[in-house]
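In the UniProt record's numbering, the protein residues as written are 1 to 479. The C-beta atom is built at its ideal place from N, Cα and C for all residues, glycine as well. Just so it is clear, the structure is predicted and the values come from calculations on it, not from any experiment. Encoded as structure tokens, the structure appears first; notes follow it.
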């Protein structure tokens, strides 16, 4: 399982490292530069609002489906039509909730129209994730890798065209959002075609009891996703609602958050591979220690290296990417990027707890995260604006990640290398020293490249990265 995880992770990472950063840091960034921080800030706040309750679209169906199909692959043809029917009903419920909340919050008609299209986009994204949950459950990781970047490839083509044609004269929030709708729709169609050959579909039988049984089993996953979205995505919405210049502050926050999201996507890829593997291994009562340790080493080097590099060179990075409000963005981004470390840990240990069915604990933890995040945002945002939202995010993500890590060692007999603890302590200290040395050289943009190269070399020297093992796995992946 460890070998399968690493070999398929290689393809997934290569595709996503090429496509998603180019989308977020290239095309999407340039869209914000063209639209301006206030106009883009409005879009960013509405986007996060649409994401807040997107758990209603899935209601835990994808996580439930992934875990169960991974353990019982023969159930795919039976479950698929029933789950699609449930998702259609949930899409209607989600849209209704979004409209009611939009009216309560006092959004104007033109904003509500934007919100409806963003809601449709969330419906399509949820459908893609559900279809991908079937692909990964069947261990069809190569096809899943293609789907994981298909929407972004299309978005690069569509939005890149809007930016280039007559210097972006046709680019607006509306054209930007509608381009996303088309890209998500085509990606969902491609994912369905990949699954078509794996199923013998029948017309779904409307047995009320079977639908209720599925919802009863999946609702804990839905609650977890909803709660985690609340404490991860409320920042931009609260900035926009609580401050007189809320749209501008949300736009400044979005500048740093975009970079965090680009790197978080890479960490998220680990969880999409780990969940079905963890679920299968736990069902077989296999020891997951090796798989946990492999994922931990890779993500720890990645998250520590990226966070410290971005902090030390935050001014260089922000000024390179953006044209407006860069001074405040430097401070916001420099500290926000450290959220990548607890996020990466959550994608390992939270995924293990999810695979093990520890949903009650995870939901209790997430409730605490929501309460903590809301309290901190209400206290800090009015006084410190976007910087206050950063502190709230860092503190909440750090506490929840630490709790999940501790509980994993309580629930599972994880046996890690004796020297690993000291390596994890020493590694960030040495990375900081490397960073300060590289910073003193004043190589500007090349400093970032040199810094990341130093981080990789340090990871290899300390035994946290094993390039020989990766090369062997790549050579043997198709054997």
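Backbone secondary structure at residue i - three-state DSSP
i: residue 419; result: coil
i: residue 285; result: coil
i: residue 385; result: coil
i: residue 507; result: With the chain running from 1 to 479 in the structure shown, residue 507 is simply not present.
i: residue 365; result: helix
i: residue 451; result: helix
i: residue 510; result: What the structure shows of the chain is the stretch from 1 to 479, and residue 510 is not part of that stretch, so it cannot be assessed.
i: residue 53; result: coil
i: residue 14; result: helix
i: residue 142; result: helix
i: residue 231; result: helix
i: residue 313; result: coil
i: residue 126; result: helix
i: residue 428; result: helix
i: residue 33; result: helix
i: residue 48; result: helix
Alpha-carbon spacing of residue i relative to residue j, whole angstroms
i: residue 99; j: residue 220; result: 25 angstroms
i: residue 101; j: residue 173; result: 22 angstroms
i: residue 401; j: residue 169; result: 44 angstroms
i: residue 89; j: residue 62; result: 15 angstroms
i: residue 30; j: residue 372; result: 34 angstroms
i: residue 463; j: residue 299; result: 14 angstroms
i: residue 281; j: residue 86; result: 29 angstroms
i: residue 291; j: residue 344; result: 15 angstroms
i: residue 465; j: residue 431; result: 15 angstroms
i: residue 374; j: residue 356; result: 29 angstroms
i: residue 105; j: residue 147; result: 36 angstroms
i: residue 111; j: residue 397; result: 30 angstroms
i: residue 40; j: residue 332; result: 17 angstroms
i: residue 32; j: residue 436; result: 32 angstroms
i: residue 338; j: residue 253; result: 14 angstroms
i: residue 76; j: residue 50; result: 30 angstroms
i: residue 313; j: residue 438; result: 10 angstroms
i: residue 310; j: residue 21; result: 15 angstroms
i: residue 124; j: residue 14; result: 25 angstroms
i: residue 307; j: residue 433; result: 14 angstroms
i: residue 409; j: residue 270; result: 20 angstroms
i: residue 330; j: residue 368; result: 30 angstroms
i: residue 239; j: residue 389; result: 8 angstroms
i: residue 458; j: residue 242; result: 44 angstroms
i: residue 36; j: residue 231; result: 27 angstroms
i: residue 363; j: residue 52; result: 16 angstroms
i: residue 381; j: residue 107; result: 21 angstroms
i: residue 350; j: residue 287; result: 17 angstroms
i: residue 444; j: residue 315; result: 10 angstroms
i: residue 251; j: residue 114; result: 17 angstroms
i: residue 473; j: residue 92; result: Confidence at residue 473 is low in this model, with a pLDDT of 40, below 50, so its placement is unreliable and no value can be given for it.
i: residue 399; j: residue 261; result: 19 angstroms
i: residue 453; j: residue 134; result: 37 angstroms
i: residue 428; j: residue 278; result: 28 angstroms
i: residue 149; j: residue 268; result: 13 angstroms
i: residue 411; j: residue 151; result: 38 angstroms
i: residue 295; j: residue 460; result: 15 angstroms
i: residue 384; j: residue 249; result: 10 angstroms
i: residue 276; j: residue 198; result: 17 angstroms
Beta carbon of residue i nearer than 8 angstroms to that of residue j
i: residue 45; j: residue 222; result: no
i: residue 156; j: residue 117; result: no
i: residue 293; j: residue 417; result: yes
i: residue 386; j: residue 327; result: no
i: residue 456; j: residue 447; result: no
i: residue 186; j: residue 175; result: no
i: residue 121; j: residue 181; result: yes
i: residue 127; j: residue 69; result: no
i: residue 131; j: residue 191; result: yes
i: residue 179; j: residue 158; result: yes
i: residue 304; j: residue 348; result: no
i: residue 273; j: residue 136; result: yes
i: residue 318; j: residue 255; result: yes
i: residue 404; j: residue 353; result: yes
i: residue 484; j: residue 228; result: There is no way to answer for residue 484, as the model of the chain reaches only from 1 to 479.
i: residue 119; j: residue 79; result: no
i: residue 25; j: residue 266; result: no
i: residue 48; j: residue 233; result: yes
i: residue 34; j: residue 171; result: yes
i: residue 264; j: residue 414; result: no
i: residue 301; j: residue 60; result: no
heavy atom of the ligand HEM below 7 angstroms from residue i C-beta
i: residue 232; result: As presented, the structure is devoid of all ligands, the ligand HEM included, so that no description of it is given.
- [ ] With a floor of 4 residues, list each alpha helix (DSSP H) that falls wholly inside the stretch 319-361, ordered by position along the chain.
- [x] 326-336, 340-345, 351-355
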